[in-house]
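Beneath this line is the structure, given in structure tokens, with notes to follow.
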Amino acid sequence: MEILPPHFHFKIKTKWRIFFSNILQSPEKNISDAVESVQSKQFRLISQIQNKYILAESDDGLYFFDQHALHERQRFEQFWNEKDKLIEKKQKLLIPKK
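Here the sequence shown stands for residues 82 to 179, numbered as in the working numbering.
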């Protein structure tokens, strides 16, 4: 029994194809652009799947998030924002290198 209308699957596949083709053209630039565009959206939680994934929706469609990857990204952003503070706090050498 099909719950979703047949054209719904086509729309999702098309959106994913466009999303990934844009990312693969220039990975370094487009991944950060994609992250920024996702961070600026408002999401409504639909479900958590097998304690591993989050299904959410925004005004422009459905999003499927890997919780582990989200956590890694959050930790990376936290580290990246605090790295300058860590550099300032480093201990000086007793005998400087020449």
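Here a beta-carbon is modelled for each residue, glycine too, at the ideal position from N, C-alpha and C.
- request: Identify, in the order they occur along the chain, each residue of the same chain with its Cβ nearer than 7 Å to the Cβ of residue 128, setting aside the five sequence neighbours on each side.
  value: One-based indexing of the sequence shown puts residue 128 at position 47. So the qualifying residues of the chain are 136.
query: Looking at residue 139 and residue 120, is the spacing between their C-beta atoms short of 9 Å?
result: Walking along the sequence shown from the start, residue 120 turns up at place 39. Walking along the sequence shown from the start, residue 139 turns up at place 58. Cβ atoms of residue 120 and residue 139: not closer than 9 Å.
field: Below-9 Å beta-carbon distance, residue 150 vs any chain C residue
entry: Of the protein chains in this structure there is only one, and it is not chain C.
message: For residue 126, report the span of its beta strand (DSSP E) as first-last.
response: Walking along the sequence shown from the start, residue 126 turns up at place 45. Here the beta strand (DSSP E) through residue 126 covers 125 to 130.
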